[in-house]
Each structure stands twice: as C-alpha cells, then as structure tokens.
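For our numbering, add 172 to where a residue sits in the sequence shown, where the first one is 1.
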Amino acid sequence: MVLNLVLGILLLAPLSAWGFSLQEVAALQQQASEKTLWQDPQWLRLGHYRDTFSGPKSPIKGSFFLSEDGSTNPKSELLKTIEVFFSSKDNALQNQCRYLARLSWLKRILEIDEMLLVACPEKDLWKRQLGAEELYLVFAASDLNSAGSSFGHTFLRAHNPKNTKELELLDYGINFAAITGEESGALYALKGLFGFYPGAYSMLPYYQKIREYTNLEGRNLWEYKLALSPQEVSFLIDHLLELDGSYSDYYFLSDNCSQQILELIEVAKPQLRLSSQFHDATIPLDTVKVLLKNSMLADERLRMSLQAEWRTRYTALDRSERRALKEIVKTHHKQTLEKLNSEEKAHVLEASLSYLAIQEYRDQKDLKNEKYALSVARARLGKVTDPLVIPKPESPLLSSDSMGYYFGIGQFDQNSFYRFKFRRAFHDLLANDSGLSPFSHLEILSFDFRYFPEFANTDLYEAVLLKTFSTAPINTLDTPVSWRLELGTLPKMAPYLNFGAGFSFDFPVLSATRLTLLGISENSHLAETARPHLGVETLFMTKTRQWRALLSVKYLHETSMGHSFFEYKTGLATDLANIEFRFETKTRDDVPEFLASVIF
173 MVLNLVLGIL
183 LLAPLSAWGF
193 SLQEVAALQQ
203 QASEKTLWQD
213 PQWLRLGHYR
223 DTFSGPKSPI
233 KGSFFLSEDG
243 STNPKSELLK
253 TIEVFFSSKD
263 NALQNQCRYL
273 ARLSWLKRIL
283 EIDEMLLVAC
293 PEKDLWKRQL
303 GAEELYLVFA
313 ASDLNSAGSS
323 FGHTFLRAHN
333 PKNTKELELL
343 DYGINFAAIT
353 GEESGALYAL
363 KGLFGFYPGA
373 YSMLPYYQKI
383 REYTNLEGRN
393 LWEYKLALSP
403 QEVSFLIDHL
413 LELDGSYSDY
423 YFLSDNCSQQ
433 ILELIEVAKP
443 QLRLSSQFHD
453 ATIPLDTVKV
463 LLKNSMLADE
473 RLRMSLQAEW
483 RTRYTALDRS
493 ERRALKEIVK
503 THHKQTLEKL
513 NSEEKAHVLE
523 ASLSYLAIQE
533 YRDQKDLKNE
543 KYALSVARAR
553 LGKVTDPLVI
563 PKPESPLLSS
573 DSMGYYFGIG
583 QFDQNSFYRF
593 KFRRAFHDLL
603 ANDSGLSPFS
613 HLEILSFDFR
623 YFPEFANTDL
633 YEAVLLKTFS
643 TAPINTLDTP
653 VSWRLELGTL
663 PKMAPYLNFG
673 AGFSFDFPVL
683 SATRLTLLGI
693 SENSHLAETA
703 RPHLGVETLF
713 MTKTRQWRAL
723 LSVKYLHETS
733 MGHSFFEYKT
743 GLATDLANIE
753 FRFETKTRDD
763 VPEFLASVIF
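Take a look at the structure:
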C-alpha cells in the first residue's frame, strides 16, 4: 500500500510540480475553446494573420510559430502556446519569457493561477533600461537616387520621457528593412520588387538613424507622436521582442517597412483596421495619412537634414562668395576669402563648415583638422551674421495622394476627346511635392484612356509601367547627374523606352525654380517599325505656394528616317480642397494638343 502511494507520487510529481500540469493545460485550453479565443482580434494581430482566399495566413517566417501549422491555423497556435506555457516549469521559463505579449494577453483573458507564472528578470531589466513610454512615427522623405527609398520610409522611435530635448538622440529607433547585403543597382531593385530579400526588425539608437537619414542621405525626418498609452507601448515592445529571430519576405511595394509598422501598431490597438486598407501597394506616405485619419497622430515635428542647412547657406552666397567657398573646400587656400569683408567671410566660412559636415559623413573622411581651422577663423570674426533661418518645407501630409483619378477634356489635331486616367502611384512634375523630392517624377502603373466622340472610339493612349525623373541641382562644389527613365506603351500598344541624362540648375526666382538640360533618347516601335530618336531637352519648372508650372522644349532627330522636329510642352496646376486642376498643352512635330484635367 505504501509502495503504491510512493509510486503514485513519483509518477504525478512531474505533472504537478510548481503547479504546472497537463491537467492545468487542459483546463486552460478548455477555457480558450469555450471563448473561441483564436478568433479574438488581438490574437490574430499577435500572429500577423491576414485574410486570404484559403483562410488566415501569416507572412512571418523563422522560429516565431510554436505549432507546425501555426502560420495558417490560429487555433492550433493558441492551443500550442497554452501547452508550452503551462505544461512544465522548464517550458515556462523558455517560452513565457520569450512570448511576453502572448502571455500578457492570456493573463487578461483567462483565469491563470499565479503559481503558473515565472519571472523574467533579464527582459524586465532590458525594458526598464529602455524606459519607453511613448512611440513616435518617423517619416523619412523620399530619395529618388535610391531605389529602396523612392517612396519614402517609415519607422518608430521608442521615447523614454527622461530623454528630454537633445537627449532624445538616446531613444531607440524601431526599423523594419530588407536584408540586402552589399547588393545595389538594378539587381537590388528587381529582387526587392519580387520579394527575394528577407525583411526583419532591428533596434538602433536614434542618433544612428539620424546619422543614416539626415546626415548620409540628406533626407528630412518628420516625427509624429502616436496616440498610444504607456501600457499599449509596453505591449507593443513585448511583441517586438517576440519577433526576434523571425523574418518575412520583403517587397518594396507591398510587404515593406510601412506595412509592417502598421501591423505592429495594430497589435497594440487591435480595433484599428490600418494594414487591411492596403492591398497591391503600401506607400509610406499614404500610411502616414491613414494614421492621421484614424486620429493616431499628433505633434508634427521636423528634423532638418544637413543638406537643408547646406542648401540654405549656399543659396544666400553671391558669385564672389561662391568662388571663395570653392577655393577653401577644394584647395584649402583663402586668397579669395581675404578680399571679402567680415560679413561675407563669415557667410563663406559657415557654408564651408556646413559642406564639410556633409562630406565627412558621405565620404567617410576624417575632416576634424579642416573643420577646426575653419571654426577658429569664423570665431575670430565675432558675431557679424544673423542666426540661420532654414525655410521649413511643406508637411508631407499636404502632398497629393499617391493614387490618382484624372478626368479631362481635350483636343488633338482638331479632334476633341474625353480623357480618363488612373495612376496607381506616385506623382509627376506638376503634382504637389510636399514631403517629396522636389521637381521629381515617379509614376508606376498608370493607364490613360481617350474617347473621341467624332469616331466613337476609345483608345488606350498610354500605359506607363515606370516613369522616373530625378533633378538634383548642381552647385559650385558638386555636379550630380539629373536623369530620366520611361517605360510603357503608346496607342495600339506600341512599346517605348526613353532615357536621358544631364544637369539641373536652381534659380532664386519666385518660391523655387529649376532648369534642367538633358541629352535624351526616345525609342518607340510604331506600325512594326522601330523609331529611335536622339535629341536634347530644356525643361523649366517653377512653383509657388498656390501654383506649379513647367515649360519643356525638345529637339529630336529620328535616326531611321532622318527627320528632325521640335516638341513643346507647357503645364499649369493648382489645388483646391484636395482636388487638383491642371491645364496642359503639347505640340509635337507641328501637331497641337490641349488638355484640361481634374484630378481626385
């Protein structure tokens, strides 16, 4: 009898020590089943499940799921989670401390004995040191010279309230990005479009993110405080820790940084439907606007790039000051500088220091000695200049929507037509470029239809696969190349491939004015005949707060036929209550075209 009792205790001990037992697991699983907790919105958010034709499916890969079919079966994953949390103390120590957000959610939903919960001192210490009680959404403005940054970028800043003012640099940035290695160029863009890179979360000190975006890439950062309570922030951080060691396929247009950031916010606020509003493409700037519409953003703040300071200082210099600037930066000589008065010298030295700060980051050079010598020279002049005022750019929240619907009327060679165009993304030269690369064009997947009543005919006038145009201006010290690439079809599905390269110049006229000179090549295939053209283009663009205008003159020579001709284009656009109005003209080889459009 005594022997049987001892054997019974020994057999049952592994199942019941410390309160852990298969009976407890079964009881908790029963509670979960009765409440169908696998259908709870927050559980579905914790697994990043998305609705598909075949049922729920999560893009998360790696070691994130506990159940073999956990990525497609929320119920199986929930029951497995309860099992590994509460079947034994060893399992609890390993899994409760890894899946902190899951555990926190289960504790709110189920009746769990305190004896079944284990302490996680390492994670608790890490979170206390992080001290995050607020989250900021950070939007990095677009950069057309980088394929992965053409649409902008979003990430989070975890803010510790103890880090005030300049100490905010000690906060941590939460970033989701593609792991690309050393690849770049066309292969980088192609693989990114089709999901050949893994994407994963990372956390870095915020000052490193500032160094990357504002110093190295010259991109402004726009910060918005998220409407999350300290408890919701803590829950989100717990979930972020759960994702350690996991990844998902990264697509530049859809499963990108912004899609993942939205899903992360939904984990903390499961009642929001943010990520599901985006299907074929998730444009970072659009996600910022969606968060604003859902009352999730407040306190817009701008962190200017070093480029913004440099451009402001350079623009204010006259011709003689720019000669002195070039001499100092390129040769370290000061003969021209000595001919200037004290105020002019100060302007030149301040601009030189601003440029060297960029060069130091961009070229990874140690310029401490040069900067010190210039700083000493500037200090000797005393206070002879006013504090620098950098013009604040328009908020990206004021920019045009990336998706556009065009309705218009026009005339082509004396024939009237009605026009409908759909643009999936992003903007053209006449669009409001607030928060975007100024004087740039990035258009993906647009279809321009025209109906001619006289002939009762509807024609696909143009289908655009890609149009991109970057116009970085040259200055005394740098000569960046402006470039254009266009790929699409003309009427009757005739394909075209156009490209060009040249230089752009800024002029301090009106609000902003840019002149671009390009050597161009236009290549189309009409009526089963290749039509290559070579030529030049002069493009004049200007804008004020209310109006945007352009004038383009092309001279083209058709190499196959020996025919030369001009093309003239003009455009004028303005906005009223989020609706864009524009008027455009075009004369190509003496054939005129007029077009008036309303864009929603």
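C-beta: ideal position from N, C-alpha, C; glycine also.
Please read these numbers as outputs of a predicted model, since none were measured by experiment.
Checklist line | Reduced DSSP secondary structure (H/G/I, E/B, other) of Asn176 | finding: Residue placement at Asn176 cannot be trusted, given a pLDDT of 46 that sits under 50; the coordinates are not used to answer.
To the nearest angstrom, report how far apart Leu341 and Leu469 are at their CA atoms. 21 Å
For this session: Would you grab the beta carbon distance between Leu200 and Ile254 for me? Rounded to a whole angstrom, and I think it's under 8 Å.
Result: 5 Å
Worksheet entry | Cα-Cα separation between Asp761 and Asp600, rounded to whole angstroms | 24 Å
Q) Can you check whether the CB of Leu690 is closer than 8 Å to the CB of Arg656? A) Going by C-beta atoms, Arg656 is nearer than 8 Å to Leu690.
| message | Quick check: the Cα distance between Ile181 and Leu444, rounded to an integer number of angstroms? | response | Residue placement at Ile181 is poorly supported in this model, since its pLDDT is 35, which falls under 50; the coordinates still yield a value, given next. When rounded, the distance between both Cα atoms is 50 Å.
State the start and end residues of the unbroken alpha helix (DSSP H) segment that holds Gln531. 514-534
Over the uninterrupted beta strand (DSSP E) stretch that includes Ile616, give me the two end residues. The continuous beta strand (DSSP E) containing Ile616 extends over residues 613-624.
State the Cα-Cα distance for the pair Phe772 and Lys758, rounded to the nearest angstrom.
23 Å
| Going along the chain, which residues of its own chain have a beta-carbon closer than 7 Å to the beta-carbon of Arg495, five neighbours each way excluded? | Excluding residues within five positions, the ones whose Cβ falls inside 7 Å are Thr508.
field: Residue from Leu209, Leu497, His504 whose Cα sits closest to the Cα of Lys252
entry: Leu209
Between Phe584 and the rest of its own chain, which residues show a CB-CB distance below 7 Å, the 5 nearest in sequence each way excluded? Glu765
Task: Length of the line joining the Cα atoms of Asp631 and Tyr419 - done: For Asp631 and Tyr419, the gap between their C-alpha atoms comes out near 45 Å.
Q: Compute every distance between the C-beta of Thr487 and the non-hydrogen atoms of the ligand ZN, then say whether any falls below 7 Å.
A: In the structure shown, the ligand ZN is absent, as is every other ligand, since no ligand is present at all.
Comparing alpha-carbon positions, which option in Glu694, Ser693, Phe677 lies nearest Arg686? Phe677
Task: Neighbourhood of Leu179 by C-beta distance below 8 Å, restricted to the same chain and skipping five residues each side - done: For Leu179, the pLDDT reaches just 34, beneath the cut-off of 50, and the residue's location in the model is therefore unreliable, leaving the point undetermined.
Roughly how many angstroms separate the alpha carbons of Asp421 and Ala551, rounded to a whole number? About 53 Å.
Residue closest to Ile692, alpha-carbon to alpha-carbon, out of Glu700, Arg703, Phe679, Asn670 | Asn670
Start-end ranges of the alpha helix (DSSP H) lying completely within the region 204-259, minimum 4 residues: Along the region 204-259, the alpha helix (DSSP H) occurs as fully enclosed runs of 4 or more residues at 213-218, 246-258, listed in sequence order.
Exercise for review: Can you tell me the Cβ-Cβ gap for Arg595 and Ser609, rounded? I've got them flagged as a contact below 8 Å.
Suggested key: Not a contact, Cβ separation roughly 17 Å.
_Beta-carbon proximity check, Ser430 vs Thr386, cutoff 8 Å_ = Their beta carbons are not under 8 Å apart, which means Ser430 does not touch Thr386 by this criterion.
| task | Inspect the beta-carbon positions of Arg329 and Tyr360 and report whether they are closer than 8 Å. | result | Cβ atoms of Arg329 and Tyr360: not closer than 8 Å.
In or out: Asn604 buried (at least 16 other Cβ within 10 Å) or exposed? buried
ask   = Looking at the structure shown, is Tyr578 part of a helix, part of a strand, or coil, going by DSSP?
value = strand
| query | Mind checking Pro568: buried by the 16 CB within 10 Å criterion, or exposed? | reply | That one is buried.
**Prompt:** Between Pro645 and His411, what straight-line distance do the alpha-carbon atoms span, to the nearest angstrom?
**Reply:** 44 Å
- With DSSP run on the structure shown, which of helix, strand or coil describes His411? helix
Is the region 255-266 touching the region 283-290 in the sense that three or more CB pairs, one from each, lie closer than 8 Å? yes
message: Taking the alpha carbon of Val256 as the reference point, which residue from Phe237, Gly660, Thr244 has its own alpha carbon closest?
response: Phe237
- Query: Ser567 by DSSP, collapsed to three states: which one?
  - Reply: coil
Check your understanding: Under the rule that 16 or more other beta-carbon atoms within 10 Å means buried, what is His735, buried or exposed?
Key -> exposed
Any contact between the region 372-389 and the region 523-543? By contact I mean 3 or more CB pairs, one from each, below 8 Å. Yes, the region 372-389 is in contact with the region 523-543.
| Top-ranked residue by Cα proximity to Ile382, from Thr326, Thr716, Asp427, Val653 | Thr326
Between the alpha carbons of His451 and Ser322, how many angstroms are there, rounded? 19 Å
**Study point:** Whole-number beta carbon distance between Thr487 and Ile562, since they are thought to touch under 8 Å
**Key:** Wrong, their Cβ atoms sit about 11 Å apart, outside the cutoff.
Completely contained alpha helix (DSSP H) runs for the region 453-495, where each covers 4 or more residues: 456-465, 478-487
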